[in-house]
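Asker: Below are the structure tokens for one structure; questions will follow.
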Amino acid sequence: MMIVIPNVMGICSWSPPLDKLGNSVRGVQFCEELVRVFNFHRYDNLKHATNKKDPRRHKYETKGLSIVNLLFSAASGDVAALRRHRLSGMDMSLSDYDGRTALHLAAAEGHLDCVQFLLEQCNVPHDQKDRWGNAPFDEAKTFGRVQIVQFLTAWAESKKTADSQENKSDDQQKEPSKEKQPGKSPEDDSPLP
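Okay, so the sequence shown: first residue is 1 according to this note's numbering, each after it adds one.
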């Protein structure tokens, strides 16, 4: 059986048994699996079949498109699309060339539900700076997004409180207890003989 994928490759397969048309049964099965996994048809990418791999695209081109889709979803306030990106295992803190993340864009555009999703579900950093030194809080403030500013301020305070409580508990665990044990005198702890 000869398989031709125009402008990509050609494959020759021979593996009996044959079906009633004289085609290799395993060859046909291989072709069906190949089409299921890879995106070879010219219009496959128009059907939004993101589960298929496109061997004609370079890996960095695909990653770039993923970042653009993530950032566009955040900028347009599409929480369902953000959820799909998260479920596909995408790093939700990826940034564009200018260092702007999905959180930057959601904050600048005033999409509170996206900001909440990114912080609460995806655990993205709330204070990541872009190329110009602006954090998502600064973007929300610049564009007059009062609800976002209030939410990010409360989020930063809760993070600061949680971090200080965590540091206190770590310090308490590190300090050895210096309680006197019965039958021991302070001289027993002396390093000198």
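C-beta: ideal position from N, C-alpha, C; glycine also.
Values in this document were obtained by computation on a predicted structure and should not be read as measured data.
Just tell me which of 72, 103, 31, 136 has its CA closest to the CA of residue 1.
Answerer: 31
Asker: So, using beta-carbon positions, are residue 149 and residue 140 closer together than 7 angstroms?
Answerer: yes
Asker: Just tell me which of 94, 75, 104 has its CA closest to the CA of residue 64.
Answerer: 94
Asker: For residue 162, does the count of other Cβ atoms within 10 angstroms reach 16, so buried, or fall short, so exposed?
Answerer: Burial state of residue 162 is exposed, judged by a 10 Å Cβ sphere holding fewer than 16 other Cβ atoms.
Asker: Where does residue 122 sit, in a helix, a strand or coil, going by DSSP?
Answerer: In this structure, residue 122 counts as coil in the three-state DSSP scheme.
Asker: Locate the beta strand (DSSP E) running through residue 4, then write down its first and last residues.
Answerer: 2-5
Asker: Between the C-alpha atoms of residue 102 and residue 70, what's the straight-line distance to the nearest angstrom?
Answerer: 7 angstroms
Asker: What is the DSSP secondary structure of residue 70, reduced to helix, strand or coil?
Answerer: Helix, per DSSP.
Asker: On the DSSP bridge list, what partners appear for residue 142?
Answerer: Answer by DSSP bridge pairing: none, since residue 142 is not bridged.
Asker: Kindly list the residues whose CB is nearer than 6 angstroms to the CB of residue 16, restricted to its own chain and excluding five residues on each side of it in sequence; keep chain order.
Answerer: none
Asker: Apart from the five residues on each side of it in sequence, which residues of its chain come closer than 7 angstroms, Cβ to Cβ, to residue 122?
Answerer: 86, 92
Asker: Should residue 131 and residue 99 be called a contact, given that it needs their Cβ atoms to be closer than 7 angstroms?
Answerer: yes
Asker: Suppose contacts are defined by Cβ-Cβ distances below 7 angstroms. Is residue 107 in contact with residue 136 by that definition?
Answerer: yes
Asker: Just tell me which of 112, 40, 78, 24 has its CA closest to the CA of residue 6.
Answerer: 40
Asker: Hey, would you say residue 147 sits closer than 7 angstroms to residue 118, going by beta carbons?
Answerer: no
Asker: Return the chain-ordered list of same chain residues with a C-beta closer than 8 angstroms to the C-beta of residue 152, the five sequence neighbours on each side being excluded.
Answerer: 107, 115, 126, 136, 137, 140
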